[in-house]
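Okay, so here's the structure we're looking at.
In this note's numbering, the protein residues as written are 850 to 1096.
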């Protein structure tokens, strides 16, 4: 055994960190789990997920998704992506998630439509998908908007038919019985640009109405919207998040 290997990690004579059982620089504190990062996407090629992700679309199958009637998702898969089929309804994941990191890549079609779709966290809270590179609508309905509540900080849209990327950090709302203890919070990046930073939501997003919280679980499926335009998706994965309490 080398001298470096014999040398203890950290310190045992430092103060306890408030709210923790560990000392500052505690040599006995467990190491964080190792995660192998995935590859970043390009316009020509989808990215790859990190090693601990729940893979929601692998380029070949919609087995992790169901349609509005609970049957197999009716959208079409081809060439490593899947495409919404207009007027077949929304699809959502079979798995429910609480706090999580969600990644997805999407591409909006050429005219006449505007690539209208959306990502719904817990099937209730929409992050808008819409061609706003060369199209203008009301501010809380543009791409990256928390629909009907908060416009994005900036417009980071790419042109139609180019692949865009959402990276979303989601903190689910908390209830104690009928009482709201904490609202949902969301952080959103579009194409690597920050749109929302730990933004509280006022409740589930709605059209032409105010949001309002009602008691619900802290877990729910992820939903993709059919709004009549054939939007494409690829490389979708999700990482459930937890607090530091385990280490």
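All residues carry an ideal CB built from backbone N, CA and C; glycine is no exception.
Here residue 996 is not bridged, per DSSP, to any residue. DSSP places residue 1044 inside the beta strand (DSSP E), whose first and last residues are 1042–1049.
About 32 angstroms separates the beta carbon of residue 886 from that of residue 867, a gap too long to meet the 8 angstroms contact definition.
Of the candidates 1079, 930, 1019, 930 places its Cα closest to the Cα of residue 894.
Take residue 942, set aside five residues on each side of it, and the residues of its chain with a beta-carbon closer than 7 angstroms to its own are 905, 913, 914, 1070, 1071, in chain order. Straight-line spacing of the CA atoms in residue 901 and residue 950 works out to 11 angstroms. The beta carbon of residue 1016 lies closer than 6 angstroms to those of 952, 1038 in the same chain, with the five residues before and after it left out. For residue 888, the secondary structure class from DSSP, reduced to helix, strand or coil, is coil. For residue 1073, the enclosing beta strand (DSSP E) covers residues 1069–1073. When C-beta atoms of the stretch 860–877 are compared with those of the stretch 999–1009, fewer than three pairs fall below 8 angstroms, so the two segments do not count as touching. Cβ-Cβ distances below 7 angstroms link residue 938 to 916, 917, 1075 in the same chain, with the five nearest sequence neighbours on each side left out; the list follows chain order. Short of 8 angstroms from the beta carbon of residue 1078, and not among the five residues preceding or following it, lie these beta carbons of its own chain, in chain order: 933, 935, 957, 958, 962, 963, 964, 965, 966.
Residues 887, 888 of the same chain have their beta carbon placed closer than 6 angstroms to that of residue 897, with the five preceding and five following residues left out of the count.
In the structure shown, residue 967 falls within a strand segment according to DSSP collapsed to helix, strand and coil.
Relative to the Cα of residue 1061, the nearest Cα in the group 1005, 1033, 968 belongs to 1033.
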